[in-house]
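Undergrad: Residue numbers (my numbering), protein chains in the order written: chain A, 45 to 136; chain B, 191 to 325.
Let me begin by handing over the structure; questions about it come next.
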Amino acid sequence: MMQTVLTVTAVVLSLAAAGAIIRIGRGPSLLDRVLAADVLLAIFGAALCIDMAVNRHLNNLMLLVAISLIGFVGSVTVARFVAERREGSRES
Amino acid sequence: MNPETVIDAVSAVFMVVGALMSLGAAIGLLRFPDLMSRMHAATKPQVLGLFLLLAALGLQMRTWWVWPVLLVAWLFQLLTVPVSAHMVGRAGYRTKHLHPELLSSDELEAVVQKAAQKAAQKTANHGVDDDDAGR
Numbered sequence: 045m046m047q048t049v050l051t052v053t054a055v056v057l058s059l060a061a062a063g064a065i066i067r068i069g070r071g072p073s074l075l076d077r078v079l080a081a082d083v084l085l086a087i088f089g090a091a092l093c094i095d096m097a098v099n100r101h102l103n104n105l106m107l108l109v110a111i112s113l114i115g116f117v118g119s120v121t122v123a124r125f126v127a128e129r130r131e132g133s134r135e136s
Numbered sequence: 191m192n193p194e195t196v197i198d199a200v201s202a203v204f205m206v207v208g209a210l211m212s213l214g215a216a217i218g219l220l221r222f223p224d225l226m227s228r229m230h231a232a233t234k235p236q237v238l239g240l241f242l243l244l245a246a247l248g249l250q251m252r253t254w255w256v257w258p259v260l261l262v263a264w265l266f267q268l269l270t271v272p273v274s275a276h277m278v279g280r281a282g283y284r285t286k287h288l289h290p291e292l293l294s295s296d297e298l299e300a301v302v303q304k305a306a307q308k309a310a311q312k313t314a315n316h317g318v319d320d321d322d323a324g325r
């Protein structure tokens, strides 16, 4: 049964990653791309989780915790950059 | 029907549903019209999807000590996802990446107008002060 689950989830996650990557490539604005990159990171974490659950090991657990800890830094940085670039000369 | 089979079945269902959350987010990213509605779709795998997959992992390992680590991972995700969503949403609002006709209510608009009025008044007062100082 676990092999079936692995196949189904692999197909589903591949399709999801393809959709996120298409949005990264097409996305009209920078913020759309950042959002899609966040989703891609979440899909990556989901793949790690499923690999650990199906094969019953915990090798990637700390990587998962680290992703959930610092995964937000990138999008926060880019969001600040976008807001500041528009305001131009104004300080903050 | 022994408990092992039941646990396996429950975790299999969790895994498939958690993976479908990611697919839902990808479909939402591709089909929704503007940044705000795409943000709504993007949170599905970050919170509920991660919860389902971590629960499936905990069920599969069949040990107690992994559950606190999984809880820590989920709690940190819950703490950090709103931060990035807030920043992205604010930047999206200020750079006008939204369709105002699609919003059912825009509570930020009144605040922004008030702040703009206050800033305008302040600069006007500032100019008067400068004139006084010059005299």
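Think of the CB as a built atom: it goes at the ideal place given N, C-alpha and C, for glycine as much as any other residue.
May I have a chain-ordered list of the alpha helix (DSSP H) segments no shorter than 4 residues that lie completely inside the segment 73–99 of chain A?
TA: 74–99
Undergrad: Where does the unbroken alpha helix (DSSP H) through residue 222 of chain B begin, and where does it stop?
TA: To locate residue 222 of chain B, count along the second sequence from 1; it is residue 32. First-last for residue 222 of chain B: undefined, no H or E at that position.
Undergrad: Return the chain-ordered ranges of every alpha helix (DSSP H) run that is complete within the segment 212–266 of chain B and spans a minimum of 4 residues.
TA: 225–234, 240–251
Undergrad: Could you check how far apart the C-beta atoms of residue 75 of chain A and residue 126 of chain A are, in whole angstroms? I think they sit under 8 Å.
TA: As a working note, residue 75 of chain A is residue 31 in the first sequence. As a working note, residue 126 of chain A is residue 82 in the first sequence. About 6 Å separates the two Cβ atoms, so the contact holds.
Undergrad: Return no unless some Cβ of chain B is closer than 7 Å to the Cβ of residue 53 of chain A.
TA: Translated into the one-based positions of the first sequence, residue 53 of chain A becomes position 9. Closer than 7 Å to some Cβ of chain B, the Cβ of residue 53 of chain A qualifies, so yes.
Undergrad: Please list the residues of the segment 235–269 of chain B that have a C-beta atom closer than 7 Å to any C-beta atom in chain A, keeping them in chain order.
TA: 235, 236, 239, 240, 243, 244, 246, 247, 250, 251, 256, 259, 262, 263, 266, 267
Undergrad: Mind listing the chain A neighbours of residue 287 of chain B? Cutoff is C-beta to C-beta under 7 Å, in chain order.
TA: The sequence position of residue 287 of chain B within the second sequence is 97, counting from 1. The contacting residues are 73, 75.
Undergrad: Which residues of chain A have a Cβ atom closer than 7 Å to the Cβ of residue 293 of chain B, listed in chain order?
TA: Position 103 of the second sequence, counted from the start, is the residue given in the question as residue 293 of chain B. In chain order: nothing, as chain A lies at least about 17 Å away.
Undergrad: What's the gap between the Cα of residue 218 of chain B and the Cα of residue 69 of chain A?
TA: Along the second sequence, read from residue 1 onward, the residue named residue 218 of chain B stands at position 28. Along the first sequence, read from residue 1 onward, the residue named residue 69 of chain A stands at position 25. Cα atoms of residue 218 of chain B and residue 69 of chain A: separation of roughly 16 Å, rounded to the nearest angstrom.
Undergrad: Under a three-way DSSP split, which group does residue 205 of chain B fall into?
TA: The residue given as residue 205 of chain B occupies position 15 in the second sequence. Three-state result, residue 205 of chain B: helix.
Undergrad: At a Cβ cut of 7 Å, what residues of the segment 204–237 of chain B count as close to chain A, listed as they run along the chain?
TA: Hits within the stretch, in order: 205, 206, 208, 209, 210, 212, 213, 215, 216, 217, 219, 220, 225, 228, 229, 232, 235, 236.
Undergrad: Per DSSP, what kind of secondary structure is residue 133 of chain A in: helix, strand or coil?
TA: If you number the first sequence from 1, residue 133 of chain A lands on position 89. Confidence at residue 133 of chain A is low in this model, with a pLDDT of 42, below 50, so its placement is unreliable and no value can be given for it.
Undergrad: Counting only the same chain and skipping the five closest in sequence on each side, list residues whose C-beta sits under 6 Å from that of residue 315 of chain B.
TA: Counted from its first residue, the second sequence places residue 315 of chain B at position 125. By the criterion of a C-beta distance shorter than 6 Å, residue 315 of chain B is surrounded by no residue of its chain, once the five residues flanking it on both sides are discounted.
Undergrad: Between the segment 292–300 of chain B and the segment 237–255 of chain B, do three or more beta carbon pairs fall short of 8 Å?
TA: no
Undergrad: Residues of chain B with CB under 9 Å from residue 107 of chain A, in chain order?
TA: Counting from one through the first sequence, the residue named residue 107 of chain A turns up at place 63. Simply none; closest approach about 10 Å.
Undergrad: Kindly say whether residue 202 of chain B, judged by its beta-carbon, lies nearer than 7 Å to any beta-carbon of chain A.
TA: On the second sequence, residue 202 of chain B is found 12 positions in, with the first residue counted as 1. Yes, its Cβ sits closer than 7 Å to a Cβ of chain A.
Undergrad: Taking DSSP as the reference, what is the three-state secondary structure of residue 315 of chain B?
TA: What you label residue 315 of chain B is simply residue 125 of the second sequence in a count that begins at 1. Three-state DSSP puts residue 315 of chain B in a helix.
Undergrad: Select from A:64, A:109, A:79, A:60 the residue whose C-alpha is nearest the C-alpha of residue 120 of chain A.
TA: To locate residue 120 of chain A, count along the first sequence from 1; it is residue 76. Of the listed residues, the one whose Cα sits closest to residue 120 of chain A is A:79.
Undergrad: Run the CB neighbour count on residue 67 of chain A, radius 10 Å, all protein chains shown included, and call it buried at 16 or more, exposed below.
TA: Within the first sequence, numbered from 1, the residue matching residue 67 of chain A stands at position 23. Under this definition residue 67 of chain A is a buried residue.
Undergrad: Under 7 Å between C-beta atoms, does residue 87 of chain A make it to chain B?
TA: Sequence index remark: in the first sequence, residue 87 of chain A carries index 43 (1-based). Output row for residue 87 of chain A: interface = yes.
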